[in-house]
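Reading through the structure tokens given below for one structure.
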Amino acid sequence: MEVLGQCIELNTQAIIRMREGKFVESSLMLNNALEKLELCLQEPSPQSMYTTSPTRNGHPSSSSHGRHSASPVTDISEAAPSEQAHGSCQYTSVSIESPLTNQIVKKATPENVFSFYPRMFHVTCKGRADPMELMKITMIVMFNEALARHAIALMYLSQCKVNPEKHLTRVLGLYQKIMVLAQSCFQYSDVREMLCVLVAATNNYGHISSQLLLFNETRESINHIIQLLALSNEHSFLPDDVRLFFESVCIFLEGRTLRNAPAA
Numbered sequence: 077m078e079v080l081g082q083c084i085e086l087n088t089q090a091i092i093r094m095r096e097g098k099f100v101e102s103s104l105m106l107n108n109a110l111e112k113l114e115l116c117l118q119e120p121s122p123q124s125m126y127t128t129s130p131t132r133n134g135h136p137s138s139s140s141h142g143r144h145s146a147s148p149v150t151d152i153s154e155a156a157p158s159e160q161a162h163g164s165c166q167y168t169s170v171s172i173e174s175p176l177t178n179q180i181v182k183k184a185t186p187e188n189v190f191s192f193y194p195r196m197f198h199v200t201c202k203g204r205a206d207p208m209e210l211m212k213i214t215m216i217v218m219f220n221e222a223l224a225r226h227a228i229a230l231m232y233l234s235q236c237k238v239n240p241e242k243h244l245t246r247v248l249g250l251y252q253k254i255m256v257l258a259q260s261c262f263q264y265s266d267v268r269e270m271l272c273v274l275v276a277a278t279n280n281y282g283h284i285s286s287q288l289l290l291f292n293e294t295r296e297s298i299n300h301i302i303q304l305l306a307l308s309n310e311h312s313f314l315p316d317d318v319r320l321f322f323e324s325v326c327i328f329l330e331g332r333t334l335r336n337a338p339a340a
């Protein structure tokens, strides 16, 4: 298996580890995948960007990024290909919710009004990925690593009464990097294609901002989510239940007049 195939397999295994509650192991795998992908981006070549389609046994069960429901499934061998494939690659969202995850989030952030988005993204790629597809895969793996580290930070905070700033600020930077890369690299069509990942990153950025009482950043996150959701209305680039989740976040937070809260 070539480099991209190795990265996709690492991403797959990292998702499985997250669903098992092995957050640190998942983060290490994703960091390894990111290092390999960054080398591919620096020196792209047909050989380094070629992969074969993974087998169904290595494909976590998930919902389609396009029109499928985003409800979790119980058997990782049940996965079906995404209804919307982009180029030679496609991605699907995968729930990492578990009693452990829910307990950690609730205990670590009892007063946080922003909802945590507990889903990662699985990637499949058949044939050769062009440079833009490679960038998108990198951003997906980057989001997954941010979510794994987000979970690690929340797990630590749920166990220790400490200042959360130093544990969450680095994760905040990872989510922010995804949005900055999208702004600098993506055309309008790319944004629509990667909409679920971008909204998820913005949402979890808002979750940390709210936890750290960064009111300006929290308000900006809500505004950005609303702008991104507007792109999904015409052609349903988000599954209905995923869009409903993010719309509910915005409606709830606006109802609490968070957007008008004074800056810290």
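Under this note's numbering, residue 340 is the last one in the sequence shown; the count climbs by one each step, no gaps.
Built from N, CA and C at the ideal position, the CB exists for glycine as well.
No experiment lies behind these values; they were computed from the predicted model shown.
For L305, same chain residues with a beta-carbon under 8 Å away, outside a window of 5 residues either side, are V275, L314, R319, F322, E323 and C326 in chain order.
C-alpha of A227 to C-alpha of P186: approximately 15 Å in a straight line. Separation of the CB atoms of I84 and C201 is rounded to 6 Å, and the pair is thereby assigned contact status at 8 Å. Distance from L113 to V217 at the Cβ level is roughly 6 Å; contact confirmed, criterion being Cβ atoms closer than 8 Å. Q118 places its beta carbon 9 Å or farther from that of N188. For S103, the enclosing alpha helix (DSSP H) begins and ends at F99 to Q118. Of L104, G203, A277 and L230, the smallest CA-CA separation from F197 is found for A277. Spatial neighbours of F219 in its own chain (CB-CB distance under 7 Å, excluding positions within 5 residues in sequence) are listed in chain order as F197, I254, V273, A276 and A277.
Rounded to the nearest angstrom, the Cβ distance from L106 to E221 is 4 Å, consistent with a contact under 8 Å. Where M94 is concerned, the enclosing alpha helix (DSSP H) starts and stops at V79 to R95.
Q263 and P194 have their alpha carbons spaced roughly 27 Å apart. Fully enclosed alpha helix (DSSP H) runs of no fewer than 4 residues occupy 241 to 261, 264 to 269, 271 to 287 and 291 to 306 of the segment 239 to 308, in order along the chain. By the neighbour-count criterion, in which a residue is buried when 16 or more other Cβ atoms sit within 10 angstroms of its Cβ, S103 is buried.
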